[in-house]
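Enquirer:
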Amino acid sequence: MINLILFGPPGSGKGTQAARLTEKYDLLHISTGDLFRYEMGNNTPLGQEAKSYIEKGELVPDSVTIGMLRNKVEANPDVAGYIFDGFPRTVAQAEALDVLLGERKEEVTALLSLEVDDEEIVKRILERGKTSGRPDDNDESIIRNRIEVYNSETAPVFDYYDKKGKSQKIDGIGSIEEIFDRLCTAIDKEI
Ligand code: ADP
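Okay, here's the thing in structure tokens:
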């Protein structure tokens with residue numbers, strides 16, 4: 017199996033690139049952000065709980081996120097591999113992912129981190145907010161909070177996998193095609 021973590025700050029292009037990588041490598045794309053938006057759209061209890069955090073640009077508690085991720089993986093066991101997008105976002109989530117994959121004698125193949133500077137991120141997310149319909153994309157102070165949460169809680173996940181020799185930085189500035197090529201080059205070295 018190929019189990020990739022597509023990593024990077026909000027607005028770094030993970031969703032765009034994951035869609036392309038999924039097609040090329042025949043993987044299942046699991047985006048926790050998309051899963052939460054689906055639950056919120058259907059106004060489920062899980063969606064209602066997630067909404068209160070997402071609206072403020074905070075992380076949904078690990079117990080909720082890890083449970084949702086586990087359900088999604090367990091519902092799709094017969095795939096060539098997974099692209100995790102927006103997960104893990106804390107070290108506790110990374111440990112839970114390792115346990116989950118370990119249960120089936122699998123492991124994370126690589127973590128690819130899209131590197132984009134803060135000002136570019138704010139610009140991109142505000143632009144995306146014009147069409148995304150996401151309340152968390154339309155308020156600069158919420159966006160800046162998301163970046164802060166990324167730096168304090170999520171960035172350590174890079175180091176966690178770096179210690180295992182699995183983390184790689186990918187320049188996230190350029191055309192969609194250029195960045196896709198950089199990601200493919202990195203993946204092809206791992207498989
Ligand atoms: P972004 O474009 O900011 O990367 P996502 O679509 O991945 O956004 O996620 C949107 C929001 O959903 C996040 O700001 C966070 O509140 C919540 N969320 C998504 N994934 C996780 C996670 N792994 N752990 C906790 N909260 C999450």
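Here the numbering used here is used: the first residue of the sequence shown is 17, the next is one more, and so on.
Note that beta-carbon positions come from the ideal geometry of N, C-alpha and C, so glycine has one too.
Regarding Pro26 and the ligand ADP, is the C-beta to nearest heavy atom distance less than 7 angstroms?
Expert: Pro26 Cβ: within cutoff of the ligand ADP.
Enquirer: What is the rounded straight-line gap between the Cα of Glu119 and the Cα of Lys146?
Expert: Cα to Cα, the separation comes out at about 42 angstroms.
Enquirer: According to the neighbour-count rule (16 or more other Cβ atoms, all chains shown, within 10 Å of its Cβ), is Asp152 buried or exposed?
Expert: It is buried - the Cβ of Asp152 has at least 16 other Cβ atoms within 10 Å.
Enquirer: Mind checking whether the beta-carbon of Ile137 lies closer than 7 angstroms to any heavy atom of the ligand PLP?
Expert: Ligands in the displayed structure: the ligand ADP; the ligand PLP is not one of them.
Enquirer: Leaving out five residues before and five after Gly102 in sequence, what residues of the same chain have Cβ atoms less than 6 angstroms from its Cβ?
Expert: Answer for Gly102: Ser47, Thr48, Gly49, listed in chain order.
Enquirer: Contact between the segment 22 to 29 and the segment 158 to 176: three or more CB pairs below 8 angstroms?
Expert: Because the criterion of three Cβ pairs below 8 angstroms is met, the segment 22 to 29 and the segment 158 to 176 touch.
Enquirer: Tell me the residue span of the alpha helix (DSSP H) that contains Lys185.
Expert: Lys185 -> not in any alpha helix (DSSP H); beta strand (DSSP E) instead, spanning 183 to 187.
Enquirer: In whole angstroms, what separates the C-alpha of Arg86 from that of Asp133?
Expert: Near 31 angstroms, if we compare the C-alpha coordinates of Asp133 and Arg86.
Enquirer: Near Thr170, what residues of its chain come up, given a Cβ to Cβ distance below 6 angstroms and the 5 sequence neighbours on each side ignored?
Expert: Hits under 6 angstroms: Arg105.
Enquirer: Put Gly83 into one of helix, strand or coil per three-state DSSP.
Expert: Helix.
Enquirer: Work out the CA separation of Val115 and Lys30 for me, nearest whole Å.
Expert: Rounded to the nearest angstrom, the two C-alpha atoms are 24 angstroms apart.
Enquirer: Which first and last residues belong to the beta strand (DSSP E) in which Ala126 is found?
Expert: Counting along the chain, the beta strand (DSSP E) containing Ala126 begins and ends at 126 to 131.
Enquirer: I'd like to confirm the pairing. Which residues does DSSP put opposite Gly97 in its beta bridges?
Expert: DSSP lists Ile18 as partners of Gly97.
Enquirer: In the DSSP assignment, what are the bridge partners of Ser47?
Expert: Ser47 pairs with Asp101.
Enquirer: Quick check: is any heavy atom of the ligand ADP less than 7 angstroms from the C-beta of Asp114?
Expert: For the ligand ADP, not one heavy atom lies less than 7 angstroms from the Cβ of Asp114.
Enquirer: Please return the same chain residues whose Cβ sits closer than 8 angstroms to the Cβ of Gly188, not counting the five positions on each side in sequence.
Expert: Around Gly188: Gly24, Ser28, Gly29, Leu130, Glu131, Val132, Ile195.
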